[in-house]
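For the sequence shown, the UniProt record's numbering begins at 1 and goes up steadily by one.
Right, one structure below, let's go through it.
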Amino acid sequence: MKNHLDYLGFLGPIIEAELGDTIVVHFWNNATRKYSIHPHDLHYSKSNEGSFYGKEHHSARASGAFVEPGSNFTYYWNVTSGPRDVDPDCVSSLYYSDVNMYKDVNSGLVGFILVCKKGIIGRNTTKINNQFIFPAVFDENSSWYIENNMALRNVNQARAEDADFKESNRMHSINGFAFGNGPMFNFCIGDNITWHIGTMGENRGVKTIRIHGHSFVLDGHRLDVIPVVSGETIAAQMLMTELGQWLIRTQSMDNFNIGLELIMKINKCSGKHFPKPVYGKMRRYFIKIEEVEWNYASDGNQFDSENSLTTEGSNSYLYFSKENGRIGGKYKKALYVEYTDSTFKRKKRRTNEYGLMGPLLGADVGDTVKVVLLNDASRPYSIHPQGVRFDKFNEGYSYNDSSDDPTYDFVEPGKQKTFFWTIPEYLEPMEKDEVCFLRYYTSAVDYVRDFHSGLIGPILICKKGTFDTQEEKRRFVLMFSIMDENKSWYLQDNIKLFSNPSTYNISSPDFVRSNQMHCINGYMYGNVQRLVVFPGKEYKFHVMSLGSSTDIHTIYIHGRVMNVNGQTFTAYAIPPGTTATLNVNFHSDSDVGNKWALVDRVMPHLSAGVSALVIVNAVEDKPAPVSLQEKTYYIAAEEIFWDYSHGELPNGCNTSTCYKKAVFRQYDDKDFMVKSRGNDEVGLFGPSILIEAGQKVEIVFKNMASRSYSFHAQGLQVTKENEGANYGADMETVEVAPGQVFNYILRIPETIGPSANDASCVLYPFYSAVDQERDLNSGLYGVFIICKKDTILFDTRNDGVVRSTSFILGTIDESRSWYFTPGNNSGSHVYNVINGYSPEGFPGQNFTGDEKYEFRFHSIGDRLHSLHFHGNTFDIFPIGSRQRDRITLYPGTSKTVQISNPQTGSWQIRGLTYDGVLNNVKIMFNFGKGLRAESGFKG
């Protein structure tokens, strides 16, 4: 047997190849049940796929899909894509058994494939420079061997359904090692390492990886935290700059203290050195930790309106009423507060929108940051930063790092300590980064409880000589999080101070939920203190998400788009522990004097209060409107019967999966008599409207349904009367009553269309927004396909794409539809859908010839999707990095991919999160000459 690297644990061997190679794998199954090997990012024939999804899609020779015990099979895989110029010398992907992926992987059958540029693998440094980590939750309850393992430990089989027993078998680990028990990673100072990070897991299974004291470089950007989702691998480079032992851990707080961590050691080595940083300008901050009373709703109402947060039946009632012993929106917290000097007598002034966050600590590359921290709270705390250089004495975080005295990381009550951090050149923003990027600091005596108690603040790190030139009035710092007061140090204090101790029940699900405060900077339901902008200016929204793996937040500002790294987004997702900078231009003449909602498009967060108002100040000189071409579309809201397995039923429901729905449908005439072709392009979620940027669009909207609805175009420029969204704040009339017609005017200047790094055509959703959650679950959703100017000519595109298709994925909860009645059907009313069809009912997609195709994916609801294309690789926008066969689709976001000359055959796209596997998220594609194209549209 070939030597196996100890640190890989139970992961399979690293399969190495170079671009252009053919990989030959001789697979012997010495186990007691059938298994296979299925690879990612490679090309293979059907018989070498290692996966089976129906006889109609595989020939009888597909023996590689099931290798019986005692049998063998030889797989042949072709390496047709690999690292590009912007990539490291080697990139990676996963392989695993796919007889039953969910149970096979939880049984341990997973490993990495390493693909390198030509001439790299023969070098002696390949194994040193490439390191592999697989953070994951292995669910031993779902292993094929759970009964064997219970028998080995003499565990009574009756315990198999016990909740505590099941949780004890969910092993949070890295490479199969829990609680740092794996072999320590050892490197030399000055080593340049490529970390290959991969994972498999559940639908909320974002693993956000951080390595203390160091930063990653990925796709030309500097990052402190790397998010990775099920089926994904990331190849990120890291320069080893700090001697000592450093913690490798997840940044998702629900994975803290339950095993997902390892230690890395940086050593002095002969012939290796790293230059010491130069210490430049000293920036001094004086911060006191204070215990205060915090109110999550400053004025007790929603969005500057008179709608009370304690109105019974409202979404906010759970969080702000004091019924049944609930605490009601006010809590004792510990906050970082800035003072002017070391006497700590005079607080430094700051703007109110920062909320409960500590002061903004800003510095340039080359600066030294000095923080004098005085702890005026009742328990020990610390301050631990990201994005800066620190030695062990200034880390502010205690773990098993062989430090002589871990207590020097803490500051006891009544004591103070001075911390020194530096920003050397090797931590500066990269060329592709913004001039300044956001990081954050927290207390880390107990990282989770300290954060939920309130101790969090922002750091802004800028290129040399630029921090003091940044306009403070043109930047905002926003933290999106679920502050879980159940995990605060002060829960018992808050029960005594604000609750009725005789009526509360600390284990009641309602009581627990009522203390999970979905907020922006510690404010809920539009109460962020105020975000004021001026028209004609671009603003930087520095955003971060902190919390558990459910803290994926997708940000949308009504009436505008945002630009991130040269791409245009109508909504942008930030996974837990990560940061981003959104560039937002308030350039429309319709902005002046108005208030616009900033919301979370992840529906449970939006309903629970993650929202704010952006106020556009009135000015005398309004920006001049841009002249645009005009076009009119006729859209109706109408009611139909929809079967999730078969589509629209013209004669009413006669199946258990059929429901009454409201849908958007397009007409050719102002009298709404002649329906347009293509209303079924995205199934239930029609129509799909193709528009070029540079146009002004009139949507003549007729409500042919039985209740009031609206038309809201996400990201497009509108006046308030054309916004079509209901959230208070001096709103114009939003609802269009049954039988009424309203003309919406939408502006699409080139500045809000696809950007330089986007595909020629991208997806912008539209929907009814009278009640966004219930309107969506009733069916009112559709998409604009907005193209760069002059992309379309006589129904063909000038970028070589011969056909493009849109897919809307997510969940529909019929119990949240306006048309649901309890007697509808028995059982669950939640459906995983693709264009409104259940996966088993979704029609297959046929594509002809060796041509260039484009697929657009959009997610609705609250679920993350990791989508894997079998048999083919594609380019993901922005194009530059390697081709892949998998994409991540965060809730409320879109992604565009292009595939050229696909392999002939029948291939599937399927979900790789375990939720996606169990619920059979699947799209079938047939590529081949002579096939009749049955779905999709030109554009």
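Here a beta-carbon is modelled for each residue, glycine too, at the ideal position from N, C-alpha and C.
- If you ignore the 5 residues before and after M430, its C-beta comes within less than 8 Å of the C-beta of V217, G220, H221, R222, all in its own chain and listed in chain order.
- Residue pairing for V229: DSSP places it in no beta bridge.
- Residue burial is scored here from C-beta neighbours: T466 has fewer than 16 other C-beta atoms within 10 angstroms and is therefore classed as exposed.
- In this structure, the CA atom of L260 is about 34 Å from the CA atom of G414.
- In the DSSP annotation of this structure, the continuous segment of the alpha helix (DSSP H) that includes P509 starts and ends at 509-514.
- About 7 Å separates the beta carbon of G180 from that of N400, a gap short enough to meet the 8 Å contact definition.
- One alpha carbon belongs to F766, the other to N565, and they sit about 24 Å apart.
- Apart from sequence neighbours up to five positions away, the residues of its chain that approach E854 with a beta-carbon distance below 6 Å are V801, S804, Q898, ordered along the chain.
- F256 and R210 have their C-alpha atoms spaced approximately 12 Å apart.
- The closest CA to that of F390, considering only T422, Y781, M282, S308, is found on T422.
- With a 10 Å radius around the Cβ and a threshold of 16 neighbouring Cβ atoms, P88 comes out buried.
- The alpha carbon of M483 has as its nearest neighbour, out of V762, E723, D450, S760, the alpha carbon of D450.
- Distance check between G683 and each of F701, F534, S549, P843 places P843 closest, using alpha-carbon atoms only.
- Put simply, the backbone Cα of N301 is about 13 Å away from that of E312.
- Closest option to P754, judged by alpha-carbon separation, among H646, R560, G779, K922: R560.
- Residue pairing of H26 in beta bridges, as defined by DSSP: T74.
- Pairwise C-beta distances place the segment 320-337 in contact with the segment 356-369, as three or more of them are shorter than 8 Å.
- Contact annotation: G686 and F664 have beta-carbon atoms nearer than 8 Å.
- If you draw a straight line from the Cα of V137 to the Cα of D790, it comes to about 49 Å.
- Inclusion of I640 and F701 in the CB contact set at 8 Å is not warranted, their separation being larger than that value.
- Collapsing the DSSP output to three states places P839 in a helix.
- H605 carries a helical assignment under DSSP once its states are collapsed to helix, strand and coil.
- T311 sits in coil when the DSSP states are folded into three classes, being neither helix nor strand.
- G213 and V225 have their C-alpha atoms spaced approximately 12 Å apart.
- In this structure, the straight-line span from the alpha carbon of G892 to that of S270 is close to 52 Å.
- The residues G694, Q695, K696, in chain order, have a CB closer than 8 Å to that of Q629 in the same chain once the five nearest residues on each side in sequence are set aside.
- Only exposed fits T655, as fewer than 16 other CB atoms lie within 10 angstroms of its CB.
- Put simply, the backbone Cα of D104 is about 30 Å away from that of M264.
- The Cβ atoms of H868 and I909 lie closer than 8 Å to each other.
- Taking the CA atoms as reference points, S828 sits about 34 Å from E723.
- Three or more beta-carbon pairs separated by less than 8 Å link the segment 72-79 to the segment 38-48, which places the two stretches in contact.
- At a Cβ-Cβ threshold of 8 Å, H553 and I574 count as neighbours.
- Remark: C-beta atoms of G526 and A612 approach each other more closely than 8 Å.
- The beta carbon of L746 lies closer than 8 Å to those of K696, V697, E698, I699, A713, L716, Q717, V718, N722 in the same chain, with the five residues before and after it left out.
- A distance of 8 Å or more separates the beta carbons of V67 and E353.
- Annotation note: the segment 456-497 contains the following uninterrupted beta strand (DSSP E) runs of length 3 or greater, listed N- to C-terminal: 456-462, 475-484.
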